[in-house]
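Notes follow once the structure below has been shown.
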Amino acid sequence: MAQSAKQPQGREALLKSYNKRLKDDVKSILDNFMEIVKLGMVEDETQIARMTQVEEINFQMQVRSANMVRAAESLMKLVADVKQYLILNDFPSVNEAITHNSTIFKTKSLEADQKLMALRDDMASDLYELEEEFYSSIYKEK
Amino acid sequence: MTSYLLISPLLRLFQPSFGLPPESRTRKMVFKVAYKSQASMALTELSKDKPANKQVEAHVAQFRQTLTSVETELAKQINYLTQVSTGQAHEGSSYNSQKTLQMAMHRLDHAKTRVNELEAIKNKHIQIMQQHQLQKQQGMQQQPQTL
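Protein sequence lines correspond, in order, to chains L and E. Everything in the first sequence is counted per the UniProt record's numbering, starting at 1 for the first residue and increasing by one. Everything in the second sequence is counted per the UniProt record's numbering, starting at 1 for the first residue and increasing by one.
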């Protein structure tokens, strides 16, 4: 009972964490991209030397682009986790897949049995004729 | 004034590996990625000597829209999971019907083996009969020669 009470909490916490990760990653991608675009603004009057400013912009761009890549990788990891969770816990689709497979297996076994019955009927009719032929020939005495 | 942005590392970032292929009908995760991604196009346009501001804004708006749609789709899936998941393991299986099919295939194989045996017996008897007929013919040919 304690375990079943803990499970919903674990499940809810997990799904909340998925939501949080999603929001954080998307926000990170968007914010970093907008900052990168803002770096394109050229200021004529600066308090620091031009080369220093260039270096600063370059470094900032590298860091922000690395942040975007990290957020994108994290998002892809999240998608993989959600896919895994869906496969394991999406009962309607699992039920549908099981029902579908069961239907296919039952149909195929029915077909196999029908073919077997047809073969039996054909062989029975052929055997009837062969028996007639055999029992009215000289070979039955041997 | 030329901008001092270094675009090439960023352009490498937003390659098609950013996206994923769409999933099945019930579990649809959609990452919409154009051949040239929208982010790289926006930055390419911005890096030109005379950037077309409208183009840049259009690409940035497209990028934001794509990101928003990705977020919406994922949130939908997570919301669906909160409604549907129970935390318990699914213990259903299709083993019953699978075993039935396996047994039906086994029956078919058995019938096939027996029919093949019957055919082998038939072929053997046909060979014996052909040999008898050959011997008879040879015997009949020898008799007129002796006469």
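Every residue, glycine too, gets a C-beta built ideally from N, C-alpha and C.
Judged by DSSP secondary structure, L/Tyr-139 falls outside any alpha helix (DSSP H); it is assigned neither H nor E. Those residues of the stretch 69-95 of chain E placed with their C-beta closer than 9 Å to a C-beta in chain L are Val-70, Glu-71, Leu-74, Ala-75, Gln-77, Ile-78, Asn-79, Tyr-80, Leu-81, Thr-82, Val-84, Ser-85, Thr-86, Gly-87, Gln-88, Ala-89, His-90, Gly-92, Ser-93 and Ser-94, ordered along the chain. Close to L/Ala-112, with beta-carbon spacing below 9 Å, are these residues of chain E in chain order: Leu-101, Ala-104, Met-105, Arg-107 and Leu-108.
Going by beta carbons, L/Phe-105 and E/Thr-100 fall inside the 8 Å limit.
Residues of the stretch 8-22 of chain L with a C-beta less than 8 Å from any C-beta of chain E: Pro-8, Gly-10, Arg-11, Glu-12, Leu-15, Tyr-18, Asn-19 and Leu-22, listed in chain order.
Residue environment: E/Leu-43 is assigned as buried (16 or more neighbouring CB atoms within 10 Å of its CB, all protein chains considered).
Every alpha helix (DSSP H) of 4 residues or more that sits fully in the stretch 1-84 of chain L is shown, in chain order, as 2-38. Residues of the same chain with a CB within less than 6 Å of the CB of E/Gln-55, apart from the 5 flanking positions on each side, are Glu-45 in chain order. For E/Lys-48, there is no enclosing alpha helix (DSSP H), as DSSP marks it with neither H nor E.
At the C-beta level, E/Ala-75 and L/Asn-32 stay beyond 8 Å of one another. In the assembly as shown, E/Arg-114 is an exposed residue. Its beta-carbon has fewer than 16 other beta-carbons within 10 Å. Put simply, the stretch 20-40 of chain L touches the stretch 61-73 of chain L. At least three CB pairs are less than 8 Å apart. Among the CB atoms of chain L, one or more fall inside 8 Å of the CB of E/Gln-98. Contact annotation for L/Tyr-85 against chain E: Leu-81 and Ser-85 [CB-CB distance below 8 Å, chain order]. Note on L/Met-51: under 16 other CB atoms within 10 angstroms of its CB, so exposed under the neighbour-count rule.
Going by C-alpha positions, L/Gln-114 is about 20 Å away from L/Asn-101.
Shown in chain order are the members of the stretch 113-135 of chain L whose Cβ falls below 9 Å from a Cβ of chain E: Asp-113, Lys-115, Leu-116, Leu-119, Arg-120 and Met-123. The Cβ neighbour count for E/Ser-37, taken over all protein chains shown within 10 Å, is at least 16; the residue is labelled buried.
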